[in-house]
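Here the structure comes first, spelled out in structure tokens, and everything after it is commentary.
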Amino acid sequence: EPEVTQTPSHQVTQMGQEVILRCVPISNHLYFYWYRQILGQKVEFLVSFYNNEISEKSEIFDDQFSVERPDGSNFTLKIRSTKLEDSAMYFCASSWTGDSTDTQYFGPGTRLTVL
Amino acid sequence: AQKVTQAQTEISVVEKEDVTLDCVYETRDTTYYLFWYKQPPSGELVFLIRRNSFDEQNEISGRYSWNFQKSTSSFNFTITASQVVDSAVYFCALTGKLIFGQGTTLQVKP
Numbered sequence: 001e002p003e004v005t006q007t008p009s010h011q012v013t014q015m016g017q018e019v020i021l022r023c024v025p026i027s028n029h030l031y032f033y034w035y036r037q038i039l040g041q042k043v044e045f046l047v048s049f050y051n052n053e054i055s056e057k058s059e060i061f062d063d064q065f066s067v068e069r070p071d072g073s074n075f076t077l078k079i080r081s082t083k084l085e086d087s088a089m090y091f092c093a094s095s096w097t098g099d100s101t102d103t104q105y106f107g108p109g110t111r112l113t114v115l
Numbered sequence: 116a117q118k119v120t121q122a123q124t125e126i127s128v129v130e131k132e133d134v135t136l137d138c139v140y141e142t143r144d145t146t147y148y149l150f151w152y153k154q155p156p157s158g159e160l161v162f163l164i165r166r167n168s169f170d171e172q173n174e175i176s177g178r179y180s181w182n183f184q185k186s187t188s189s190f191n192f193t194i195t196a197s198q199v200v201d202s203a204v205y206f207c208a209l210t211g212k213l214i215f216g217q218g219t220t221l222q223v224k225p
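Protein chains in written order, with my numbering: chain A, 1 to 115; chain B, 116 to 225.
Structure representation (structure tokens):
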């Protein structure tokens with residue numbers, strides 16, 4: 001069964017460093033998403049991406065964040081200058097159609113630890 | 116504003132007990148979808164069910180069942196004859212750029 005994959009599973013970085021989190025969505029899916037879950041808290045929407053553009057973003061997704069689809073398979077989240085409060089689990093998700101009510105399938109997550 | 120409330124933070128049951136996880140939502144949309152996801156200790160989010168706002172029929176899948184009541188804006192999830200493997204955090208979510216509830220941690224003891 002097709003699945004969303006994410007690498008790395010765990011990333012440790014120093015405050016102020018740039019990190020890139022990688023995701024391979026399910027092939028043929030058109031919509032891609034990033035979510036964040038701070039330890040012990042709920043999952044929060046960061047950004048949605050369609051047709052090589054951001055379609056929606058939350059207040060959390062400030063100028064320190066950017067997303068890119070550098071090729072036909074990868075979808076990346078970049079944090080330019082990490083802060084301690086960026087420590088969280090980051091989930092990538094993808095959905096089949098452009099209908100925002102479609103089911104989103106999540107990857108296993110990348111745990112980011114900022115020291 | 117859209118909001119999902121899972122009032123039960125933690126539930127602990129003994130194996131084989133039935134357990135119901137509550138979910139109450141708020142939305143002004145007339146068409147919307149509701150979801151349940153499971154997050155086991157390994158951390159991934161596993162899709163369980165999607166239900167649209169026009170379909171109020173209860174759904175059963177094995178030991179899992181869902182009760183959607185539009186009149187009370189609730190979408191509750193029941194696990195029948197719980198098992199230790201059901202131990203996880205369960206999230207209810209509302210359509211689109213998924214709005215998640217706080218999650219309910221279910222612990223099933225042998």
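Cβ atoms here follow ideal geometry from the backbone N, Cα and C, with glycine treated the same way.
In the DSSP assignment, residue 212 of chain B falls outside any beta strand (DSSP E), carrying neither H nor E. Secondary structure at residue 185 of chain B: helix, using DSSP grouped into helix, strand and coil. For residue 95 of chain A, the enclosing beta strand (DSSP E) begins and ends at 88 to 95. The continuous beta strand (DSSP E) containing residue 78 of chain A extends over residues 75 to 79.
Restricting attention to beta strand (DSSP E) runs no shorter than 3 residues, the region 127 to 184 of chain B encloses them at 134 to 136, 139 to 141, 148 to 154, 161 to 167, 174 to 176, 179 to 184, ordered along the chain.
Those residues of the region 43 to 66 of chain A placed with their C-beta closer than 8 angstroms to a C-beta in chain B are 43, 44, 45, 48, 56, 58, ordered along the chain. DSSP places residue 46 of chain A inside the beta strand (DSSP E), whose first and last residues are 43 to 50. The Cβ of residue 148 of chain B sits closer than 8 angstroms to at least one Cβ of chain A.
Proximity to residue 48 of chain A across A:72, A:2, A:76 peaks at A:76, based on C-alpha coordinates. Not one beta carbon of chain A lies nearer than 8 angstroms to the beta carbon of residue 169 of chain B.
The Cβ atoms of residue 215 of chain B and residue 206 of chain B lie closer than 8 angstroms to each other. Of the candidates B:224, B:133, B:168, the residue whose Cα lies closest to the Cα of residue 189 of chain B is B:168.
If you check the CB distance, residue 194 of chain B and residue 133 of chain B come in under 8 angstroms. Here residue 174 of chain B is near residue 180 of chain B, since their CB atoms are less than 8 angstroms apart.
Under the 10 Å beta carbon count, residue 14 of chain A is surrounded by fewer than 16 other beta carbons and is classified as exposed.
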